[in-house]
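Residue numbering for the sequence shown follows this note's numbering, beginning at 42 and increasing consecutively.
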Amino acid sequence: MAEAVTDRTRLLVVEDDPDVASLLDRYFSSQGFVVTVAPDGHAMRQALTRSPADLVLLDLGLPDEDGFAATRYLHEHWGGPVIIVTGKGEAIDRVVGLELGADDYVAKPFDLRELLARVRSVLRRSARARPVGEVRQWRFEGFRLDMDARMLTDEQGAEVPLTSGEFQLLCALVERARRVVSRDELLTRLHGRTAGPYDRAIDVQVARLRRKLERDPAHPVLVRSVRGQGYMFAGTLEPG
42 MAEAVTDRTR LLVVEDDPDV ASLLDRYFSS QGFVVTVAPD GHAMRQALTR
92 SPADLVLLDL GLPDEDGFAA TRYLHEHWGG PVIIVTGKGE AIDRVVGLEL
142 GADDYVAKPF DLRELLARVR SVLRRSARAR PVGEVRQWRF EGFRLDMDAR
192 MLTDEQGAEV PLTSGEFQLL CALVERARRV VSRDELLTRL HGRTAGPYDR
242 AIDVQVARLR RKLERDPAHP VLVRSVRGQG YMFAGTLEPG
């Protein structure tokens, strides 16, 4: 019997060949995945900013940047599982891709059923990689945060739409609940860089997150500012 895949499982397909992209979109959609297609590295970054993904299928032959650079970016700044899908079949390419953080490698032409099996296998390994005893689902103020499913729902069970950056910000604060997290630490985790003297990127993301979480964003009780230090998640967390 085929293993079921939750209809919330999101795939980001980074592929510049429209025929291949369409094939992957149709096939994985028919298997219950939610598929987003990005034709190049720039579109990939935009897609990850707009909405979360559970796994990225990445073609190395991108038109606007080196595919290995895109692999490195995903490993350092996104952190989710990546499968390289490419026409480059040389062993050295496979080794470099895996060393840069890819979880698996499939050469074109590929069998769709084999690719599906590899996607499911990587997703299972990614879920098992969590430390034993680490809580990945939390409830607070009527919300439920599922870090593995990369989803936040409200008290009616409706999904709260968060960009990838907003979701990562919320997770970073929840993981350090009741402790101050500096702007520099958040900026490094979310964007892979340190703050400049007038860098307000984190403040802007916090403001957007508050509008989706707080009853009164002007007087936040969940995501609080600590003057001169950073931000703190001050809500009461319960596992589940």
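For every residue, glycine included, the Cβ atom is placed at its ideal position computed from N, Cα and C.
Burial state of residue i, where buried means 16 or more other Cβ atoms lie within 10 Å
i    : result
V262 : exposed
V76  : buried
E140 : exposed
P150 : exposed
E117 : exposed
T112 : buried
P172 : Confidence in P172 is poor, its pLDDT being 48 and thus under 50, which makes the residue's placement too unreliable to answer from.
S70  : exposed
S205 : buried
A286 : Residue 286 lies beyond the residue range present for the chain, which begins at 42 and ends at 281; the question has no answer from this structure.
Contact under 8 Å by Cβ, residue i with residue j
i    : j    : result
M188 : V221 : no
F95  : T50  : Checking the displayed sequence, the identity of residue 95 turns out to be Asp instead of Phe. Their beta carbons are under 8 Å apart, which means D95 touches T50 by this criterion.
I124 : V163 : yes
Reduced DSSP secondary structure (H/G/I, E/B, other) of residue i
i    : result
Q246 : helix
T204 : coil
M85  : helix
S92  : coil
Q178 : strand
Residue span of the alpha helix (DSSP H) that contains residue i, given as start and end
i    : result
F283 : Residue 283 cannot be examined here, being either before or after the span of the chain that is shown, 42 to 281.
L227 : 224–232
Opening and closing residue of the beta strand (DSSP E) in which residue i lies
i    : result
A148 : 145–148
F74  : No beta strand (DSSP E) contains F74, which DSSP labels as neither H nor E.
So, does the region 248–257 touch the region 193–210, judging by three or more C-beta pairs under 8 Å? yes
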